[in-house]
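Scroll down for the structure; my scribbles are underneath it.
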Amino acid sequence: MTDASTPGKSVRVDAWLWAVRIYKTRSAATTACRAGHVRVGGERAKAAQAVKPGDEVRVRIDGFDRMLVVRQPISKRVGAPLVATAMEDRTPPRDPTPIMAQRDRGAGRPTKRERREIDRLRGRDEH
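For the sequence shown, our numbering gives the first residue as 1, with consecutive numbering after it.
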């Protein structure tokens, strides 16, 4: 084991989220905890809350929840291969989001052909 790991002990949730590369900075992880985007065991977590092996951590990023299980509490940032041993990702696969047609701002009024294409994409095709 490296000196960055503390087997059998607990570590702050914001430090753990930073160490396993969920957030770029520890202050970003702390801000997410304050905003209520981090839950440990289903309850909102403060930044200083301790996590230990077996705890489930839910993190809301970009409107989606990531479900992580703490395998190893680490407090220092480690390389990507070691991150896989420190956490288990139980996030279900995302549903593909439908692509909406958007026009560039200032592009003017759509031509008849463009309007028909937009209608076809939105499912309002009359044929």
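A virtual CB, placed ideally from N, CA and C, is assigned to each residue, including glycine.
Margin query: Mapping the DSSP letters down to three states, classify Arg103 as helix, strand or coil.
Written below: coil
Check: What distance in whole Å lies between the Cβ atoms of Ala29 and Trp18, which are believed to be in contact at a cut-off of 8 Å?
Finding: Taking C-beta atoms under 8 Å as the contact rule, Trp18 and Ala29 qualify, at a distance of about 5 Å.
Notebook entry, point to check: Which of helix, strand or coil does DSSP assign to Asp89?
Noted result: strand
Next item on the list: In angstroms with no decimal places, state the Cα-to-Cα distance between Gly42 and Arg122.
Entry: 38 Å
Next item on the list: Within 10 angstroms of the Cβ of Ala45, are there 16 or more other Cβ atoms? Answer buried if so, exposed if not.
Entry: With a 10 Å radius around the Cβ and a threshold of 16 neighbouring Cβ atoms, Ala45 comes out buried.
Next item on the list: Check whether the Cβ atoms of Arg103 and Glu114 sit closer than 9 Å, and answer yes or no.
Entry: Going by C-beta atoms, Arg103 is nearer than 9 Å to Glu114.
Notebook entry, point to check: Just to confirm, does Leu68 get its C-beta within under 8 Å of one of the non-hydrogen atoms of the ligand ATP?
Noted result: For the structure depicted, the ligand ATP is absent and the ligand set is empty, with no information on it obtainable.
Check: Val20 and Val83 look like a contact to me (Cβ under 8 Å); what is the Cβ gap, rounded to whole Å?
Finding: Confirmed, about 5 Å.
Check: According to the Cβ coordinates, are Arg58 and Leu68 closer than 9 Å?
Finding: yes
Check: With which residues is Leu68 paired in a DSSP beta bridge?
Finding: Val57, Asp89
Next item on the list: May I have the straight-line CA-CA distance separating Arg34 from Ala107, to the nearest angstrom?
Entry: 41 Å
Note to self: Counting C-beta neighbours from all protein chains within 10 Å, is the total for Pro81 16 or more, i.e. buried, or is it exposed?
What the structure shows: exposed
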